[in-house]
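A.B. asks:
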Amino acid sequence: MSDMAMLNSGAENPVDEMVLLRHRNIPDIDQLSVYLSNGGFAAFEKAVREWAPAKVTEEVKASGLRGRGGAGFPTGMKWSFLPDKIWPHYVVANADESEPGTFKDREIMEKNPYQFLEGLMIAAYAVQAGTAYIYLRGEFWPVAQKLDACIAELERAGLLGSNLLGSSYSLRLYTHLGAGAYVCGEESALLESLEGKMGQPRLRPPFPAVAGLYNKPTLINNVETLTNLPPIIKNGAAWYRGFGTEKSPGVKIFSLSGRVKRPGNYELPLGATFRHLIYDLGGGIPGGRPIKAIMPAGASSSLIKASDVALDTAMDYEAVATLGSTLGSASVIVLDDTVNMKWLLQKTLAFFRHESCGKCTPCREGTYWMSLIADRMASGKGRSDDAALLGSVAGQIKGKCLCPLGEFSLTAVQTALSLFPEDFAA
Amino acid sequence: MNTLAEKYPQDIKRILAKYPPEQKRSAIMPLLFLAQRETGQVSPEAVQEIASMLAVSTTEITSVMGFYTLFHDHPGGRYRLQVCHDLSCALNGAETFLEQLCRHLGIEEGQTTSDGLFTIEAVPCLAACDKGPVFQLQGDGEIVYYEKQTLESAKALLETLRQRAAGEVTP
Numbered sequence: 000m001s002d003m004a005m006l007n008s009g010a011e012n013p014v015d016e017m018v019l020l021r022h023r024n025i026p027d028i029d030q031l032s033v034y035l036s037n038g039g040f041a042a043f044e045k046a047v048r049e050w051a052p053a054k055v056t057e058e059v060k061a062s063g064l065r066g067r068g069g070a071g072f073p074t075g076m077k078w079s080f081l082p083d084k085i086w087p088h089y090v091v092a093n094a095d096e097s098e099p100g101t102f103k104d105r106e107i108m109e110k111n112p113y114q115f116l117e118g119l120m121i122a123a124y125a126v127q128a129g130t131a132y133i134y135l136r137g138e139f140w141p142v143a144q145k146l147d148a149c150i151a152e153l154e155r156a157g158l159l160g161s162n163l164l165g166s167s168y169s170l171r172l173y174t175h176l177g178a179g180a181y182v183c184g185e186e187s188a189l190l191e192s193l194e195g196k197m198g199q200p201r202l203r204p205p206f207p208a209v210a211g212l213y214n215k216p217t218l219i220n221n222v223e224t225l226t227n228l229p230p231i232i233k234n235g236a237a238w239y240r241g242f243g244t245e246k247s248p249g250v251k252i253f254s255l256s257g258r259v260k261r262p263g264n265y266e267l268p269l270g271a272t273f274r275h276l277i278y279d280l281g282g283g284i285p286g287g288r289p290i291k292a293i294m295p296a297g298a299s300s301s302l303i304k305a306s307d308v309a310l311d312t313a314m315d316y317e318a319v320a321t322l323g324s325t326l327g328s329a330s331v332i333v334l335d336d337t338v339n340m341k342w343l344l345q346k347t348l349a350f351f352r353h354e355s356c357g358k359c360t361p362c363r364e365g366t367y368w369m370s371l372i373a374d375r376m377a378s379g380k381g382r383s384d385d386a387a388l389l390g391s392v393a394g395q396i397k398g399k400c401l402c403p404l405g406e407f408s409l410t411a412v413q414t415a416l417s418l419f420p421e422d423f424a425a
Numbered sequence: 000m001n002t003l004a005e006k007y008p009q010d011i012k013r014i015l016a017k018y019p020p021e022q023k024r025s026a027i028m029p030l031l032f033l034a035q036r037e038t039g040q041v042s043p044e045a046v047q048e049i050a051s052m053l054a055v056s057t058t059e060i061t062s063v064m065g066f067y068t069l070f071h072d073h074p075g076g077r078y079r080l081q082v083c084h085d086l087s088c089a090l091n092g093a094e095t096f097l098e099q100l101c102r103h104l105g106i107e108e109g110q111t112t113s114d115g116l117f118t119i120e121a122v123p124c125l126a127a128c129d130k131g132p133v134f135q136l137q138g139d140g141e142i143v144y145y146e147k148q149t150l151e152s153a154k155a156l157l158e159t160l161r162q163r164a165a166g167e168v169t170p
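Quick mapping for you: the protein sequence lines, in order, are chains A and B. Counted the way numbering that gives the first Met the number 0 counts, the first sequence spans residues 0 to 425. Counted the way numbering that gives the first Met the number 0 counts, the second sequence spans residues 0 to 170.
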């Protein structure tokens, strides 16, 4: 258990009161009694006792909450896609957190598990699912043990089970472990895996909202997305919109890593600048070295070349797009001037080659060949036309893959080649 | 050799209860984890047993095993040290750490020490990017993270594990 204690992030967050990382304000909030005495389950109780399911969905729509797993899709709208003529409905929490550079969901589940579970229960109530699964990556075995204990505690407390809070609503939660496959973070691959199959993406449509788990309507939300729900239902959509920007409302956990003095998770309103995160909170670059590039969405990022304009850009979905990149899951990896882009591509491509599920040809073959070329370049055995060849292979993959994993494999390639040609000079 | 059903009746019951009765196939992965809990690998007998328990073919079980990296059909060390060598960790010395660890044990990445205790593997991101170098220790039915590692801290852990193993043979 001493190793569990080490999971505490070393990062200090200057915001006084956390919305998501509440364990940093309230000790032992991972104990049910402590969570309850700090307003825990008031939102779930309010929803089940006083609100019709559709009203919960309307409130979440009004809050402007968008999916925190990377896609940024409006959460309430996603809920409303489940047809009310096909039953049962399922809810699945995506706890597969596997994007290199992302480590926020693990901290939430380890340290503030009941807020996540309450959020999952609110989502399940909103779409009237009687069973919800938490799909965790296999490496999160200790986290699953913890959640299993929390779920048992909730059952003993009468907050999970049949006829909850005197209503006709019943709900069971179950954890399910993956076994080492990045692609299972993609929701249709996740569903295949949960059904006991190889985690390969499905052809869509139909979308999971219509034909998901066991071919039934299924809602899949990321852990952080779900953790936002209790405060939204408790305090209202208008309160939530008091954080962030008009189009990207609310708070977000930024996972900061790479070449920074104080890496860690930081909870901030959407729209805080890269400079604030990297320099004010992260302490800047070790040795005071210059910053070269930022990967705002983990290994699948389009690179952002560091500049004053880039550093002063707001970290929200719209503003990051103006830099030719995406906010994604807000996994900000910082690269300093010592990082050569040949090395960087060797790392990211080795990852995507390893994680390609092999179902579609452009991704399976493309990641293999790109990785081979990048290895050759990084080891000093590159050929004079290798950079052009790499760009050509990337171009042939683009737009032709079954799921986003293939596309993710080439974003760093294309942006590194175009923004840092000097690193690839033969 | 005891069957899974004889050894773990309660665990199997608990696993099967998670899924609708007509969707038993969902239990493949949890049962595979159960099968490799003690020895770190899934035996052909266990594959056969899971297949008949869930009414699917053994080919389907082995294709699932082959797809996911955490299932093993060959013996490894009692303890698998799986070192993240992905981007953020690599930016903080993970590759050097991995090399040092292998040199210390006198093996290469992917190999097992001659006493059968330790296997070193390089693995993708473990979601501990702010605390690299990091590895997870798989063994004795558990998975535990070790963060902000140095060669010294890893050596100390290896010694503890050696003593644990030695203690079992000479009580």
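All residues carry an ideal CB built from backbone N, CA and C; glycine is no exception.
Could you pull the DSSP bridge partners for Lys304 (chain A) from this structure?
C.D. replies: Translated into the one-based positions of the first sequence, residue 304 (chain A) becomes position 305. Lys304 (chain A) pairs with A:Ala292.
A.B. asks: For a test of the three-state rule: what should DSSP assign to Tyr67 (chain B), helix, strand or coil?
C.D. replies: The count along the second sequence starts at 1 and reaches residue 67 (chain B) at position 68. If DSSP states are grouped into helix, strand and coil, Tyr67 (chain B) belongs with coil.
A.B. asks: Given this structure, state the Cα-to-Cα distance separating Phe115 (chain A) from Phe273 (chain A), to the nearest angstrom.
C.D. replies: Locating residue 115 (chain A) in the first sequence gives position 116, where the first residue counts as 1. Locating residue 273 (chain A) in the first sequence gives position 274, where the first residue counts as 1. About 27 angstroms.
A.B. asks: Using C-beta distances below 7 angstroms, list every residue in its chain close to Ile27 (chain A), excluding the 5 sequence neighbours before and after it, in chain order.
C.D. replies: As a position in the first sequence, residue 27 (chain A) is number 28, starting the count at 1. Here the sequence assigns Asp to residue 27 (chain A), which means Ile is not the residue at that position. Cβ within range, chain order: Val33.
A.B. asks: Looking at C-alpha atoms only, which residue of A:Pro73, A:Leu334, A:Pro285 is the closest neighbour of Ser306 (chain A)?
C.D. replies: As a position in the first sequence, residue 306 (chain A) is number 307, starting the count at 1. When each option's Cα is compared against that of Ser306 (chain A), the closest is A:Leu334.
A.B. asks: Here's the rule I'm using: 16 or more other beta-carbon atoms within 10 Å means buried, otherwise exposed. How should Thr312 (chain A) be labelled?
C.D. replies: Residue mapping note: residue 312 (chain A) aligns to position 313 of the first sequence, counting from 1. Thr312 (chain A) should be labelled buried.
A.B. asks: Using a Cβ-Cβ cutoff of less than 7 angstroms, which residues in the same chain neighbour Asp385 (chain A) once the five nearest sequence positions on both sides are dropped?
C.D. replies: Within the first sequence, the letter at position 386 stands for residue 385 (chain A). If we look at Asp385 (chain A) and ignore the five residues flanking it on each side, its Cβ neighbours are Ile372, Arg375, Met376.
A.B. asks: Please list the residues of the segment 51–68 of chain A that have a C-beta atom closer than 9 angstroms to any C-beta atom in chain B, keeping them in chain order.
C.D. replies: Cβ contacts with chain B: none found.
A.B. asks: Quick one: is Arg288 (chain A) near chain B, going by C-beta distance under 9 angstroms?
C.D. replies: Residue mapping note: residue 288 (chain A) aligns to position 289 of the first sequence, counting from 1. By this cut-off, Arg288 (chain A) is not an interface position.
A.B. asks: Find the nearest neighbour of Leu310 (chain A) within the set A:Ser299, A:Lys291, A:Ser301, judged by alpha-carbon distance.
C.D. replies: The residue labelled residue 310 (chain A) in the question sits at position 311 within the first sequence. Of the listed residues, the one whose Cα sits closest to Leu310 (chain A) is A:Lys291.
A.B. asks: Within the segment 33–63 of chain B, note down every full alpha helix (DSSP H) run reaching 4 residues or more, in order along the chain.
C.D. replies: Those alpha helix (DSSP H) runs which fall completely within the segment 33–63 of chain B and span 4+ residues are 43–53.
A.B. asks: Taking beta-carbon pairs under 8 angstroms, can you tell me which members of the segment 88–109 of chain A lie near chain B?
C.D. replies: The residues in question are Glu96, Ser97, Glu98, Pro99, Gly100, Thr101, Phe102, Asp104, Arg105.
A.B. asks: Does the segment 102–120 of chain A touch the segment 34–50 of chain A, meaning 3 or more C-beta pairs lie closer than 8 angstroms?
C.D. replies: Judged by Cβ distances under 8 angstroms, the segment 34–50 of chain A makes contact with the segment 102–120 of chain A, as three or more pairs qualify.
A.B. asks: Measuring CB to CB, does Gln196 (chain B) end up less than 9 angstroms from Thr57 (chain B)?
C.D. replies: Given a span of 0 to 170 for chain B in the structure shown, any question on residue 196 (chain B) remains unanswerable.
A.B. asks: With DSSP collapsed to three states, give me the class of Ser328 (chain A).
C.D. replies: Indexing the first sequence from 1 puts residue 328 (chain A) at position 329. Ser328 (chain A) falls in the coil class under three-state DSSP.
A.B. asks: Assuming Leu255 (chain A) contacts Gly243 (chain A) (C-beta within less than 8 angstroms), just tell me the rounded distance between them.
C.D. replies: Numbered from its first residue, the first sequence carries residue 255 (chain A) at position 256. Numbered from its first residue, the first sequence carries residue 243 (chain A) at position 244. Rounded, the Cβ-Cβ distance is 18 angstroms, inconsistent with contact.
A.B. asks: Cβ of Lys215 (chain A) within 9 angstroms of Cβ of His88 (chain A)?
C.D. replies: In the first sequence, the residue the question calls residue 215 (chain A) occupies position 216. In the first sequence, the residue the question calls residue 88 (chain A) occupies position 89. Yes, they are a contact pair.
A.B. asks: Cα-Cα, which of A:Val142, A:Arg65, A:Ala180, A:Asn111 is closest to Phe350 (chain A)?
C.D. replies: As a working mapping, residue 350 (chain A) is identified with position 351 in the first sequence. Cα-wise, what sits closest to Phe350 (chain A) is A:Ala180.
A.B. asks: So, at 8 angstroms on beta carbons, what are the nonlocal neighbours of Leu193 (chain A) in its own chain, with the 5 sequence-adjacent residues on each side left out?
C.D. replies: For this step, residue 193 (chain A) is matched to residue 194 along the first sequence. Counting only Cβ-Cβ distances below 8 angstroms, and skipping sequence neighbours, we find Val91, Tyr132, Tyr134, His175, Leu212.
A.B. asks: Going by C-alpha to C-alpha distance, which of A:Arg105, A:Gly198, A:Ser161 sits closest to Gln144 (chain A)?
C.D. replies: Taking the first residue of the first sequence as 1, we reach residue 144 (chain A) at position 145. Measuring from the Cα of Gln144 (chain A), the nearest candidate turns out to be A:Arg105.
A.B. asks: Please report whether the beta-carbon of Lys260 (chain A) lies at a distance below 9 angstroms from any beta-carbon of chain B.
C.D. replies: Here the question's residue 260 (chain A) lines up with position 261 in the first sequence. So, not an interface residue.
A.B. asks: For the ligand FAD, is there a heavy atom less than 8 angstroms away from the beta-carbon of Tyr67 (chain B)?
C.D. replies: Of the ligands one can find in the structure shown there are none, so the ligand FAD has no counterpart to examine.
A.B. asks: Check whether the Cβ atoms of Cys128 (chain B) and Gly100 (chain A) sit closer than 9 angstroms, and answer yes or no.
C.D. replies: Sequence index remark: in the second sequence, residue 128 (chain B) carries index 129 (1-based). Sequence index remark: in the first sequence, residue 100 (chain A) carries index 101 (1-based). Yes, the pair counts as a contact, with Cβ atoms nearer than the cut-off.
A.B. asks: Hey, could you find the ends of the alpha helix (DSSP H) Asn234 (chain A) is sitting in?
C.D. replies: Here residue 234 (chain A) refers to the residue found at position 235 when the first sequence is read from its first residue. Taken as a continuous stretch (DSSP letters only), the alpha helix (DSSP H) holding Asn234 (chain A) covers 228–234.
A.B. asks: From which residue to which residue does the alpha helix (DSSP H) around Thr396 (chain A) run?
C.D. replies: Locating residue 396 (chain A) in the first sequence gives position 397, where the first residue counts as 1. A quick correction: the sequence has Ile, not Thr, at residue 396 (chain A). First-last of the alpha helix (DSSP H) with Ile396 (chain A): 385–396.
A.B. asks: Determine, using beta carbons only, whether Ser306 (chain A) comes closer than 9 angstroms to chain B.
C.D. replies: Taking the first residue of the first sequence as 1, we reach residue 306 (chain A) at position 307. For Ser306 (chain A), the answer is no, since every Cβ of chain B falls outside 9 angstroms of its Cβ.
A.B. asks: Would you please verify whether the beta carbon of Lys341 (chain A) is less than 9 angstroms from any beta carbon of chain B?
C.D. replies: In the first sequence, the residue the question calls residue 341 (chain A) occupies position 342. So no, Lys341 (chain A) is outside the interface.
A.B. asks: Using a threshold of 9 angstroms, state whether the C-beta atoms of Thr366 (chain A) and Ser383 (chain A) are closer than that.
C.D. replies: Within the first sequence, numbered from 1, the residue matching residue 366 (chain A) stands at position 367. Within the first sequence, numbered from 1, the residue matching residue 383 (chain A) stands at position 384. Cβ atoms of Thr366 (chain A) and Ser383 (chain A): not closer than 9 angstroms.
A.B. asks: Taking only runs that begin and end inside the segment 165–214 of chain A, name each unbroken alpha helix (DSSP H) of 4 or more residues, in chain order.
C.D. replies: List check, alpha helix (DSSP H) in window: 186–193.
A.B. asks: Between which two residues does the beta strand (DSSP E) carrying Val82 (chain B) extend?
C.D. replies: On the second sequence, residue 82 (chain B) is found 83 positions in, with the first residue counted as 1. Counting along the chain, the beta strand (DSSP E) containing Val82 (chain B) begins and ends at 78–83.
A.B. asks: Mind the definition here: the segment 117–128 of chain B touches the segment 64–77 of chain B only if three or more C-beta pairs lie below 8 angstroms; say whether that holds.
C.D. replies: Contact between the segment 117–128 of chain B and the segment 64–77 of chain B is present, because at least three Cβ pairs lie under 8 angstroms.
A.B. asks: Could you pull the start and end residues of the alpha helix (DSSP H) that Val319 (chain A) belongs to?
C.D. replies: By 1-based counting over the first sequence, the position of residue 319 (chain A) is 320. Per DSSP, Val319 (chain A) belongs to the alpha helix (DSSP H) from 316–321.
A.B. asks: Which chain A residues are close to Ser25 (chain B), counting only those with a beta carbon under 7 angstroms from its beta carbon?
C.D. replies: Translated into the one-based positions of the second sequence, residue 25 (chain B) becomes position 26. The answer, in chain order, is Leu193, Glu194, Gly195.
A.B. asks: Any beta carbon from chain B within less than 9 angstroms of Val412 (chain A)'s own beta carbon?
C.D. replies: The residue labelled residue 412 (chain A) in the question sits at position 413 within the first sequence. It does not; no Cβ of chain B falls within 9 angstroms.
A.B. asks: Taking the continuous beta strand (DSSP E) assigned at Leu267 (chain A), which residues delimit it?
C.D. replies: Residue 267 (chain A) sits at position 268 when you count from the first residue of the first sequence. 263–268 is the extent of the beta strand (DSSP E) around Leu267 (chain A).
A.B. asks: Below 8 angstroms between beta carbons is the criterion; list the residues of the segment 344–376 of chain A that meet it against any residue of chain C, in chain order.
C.D. replies: In summary, chain C is missing from the structure at hand, where the protein chains are A and B.
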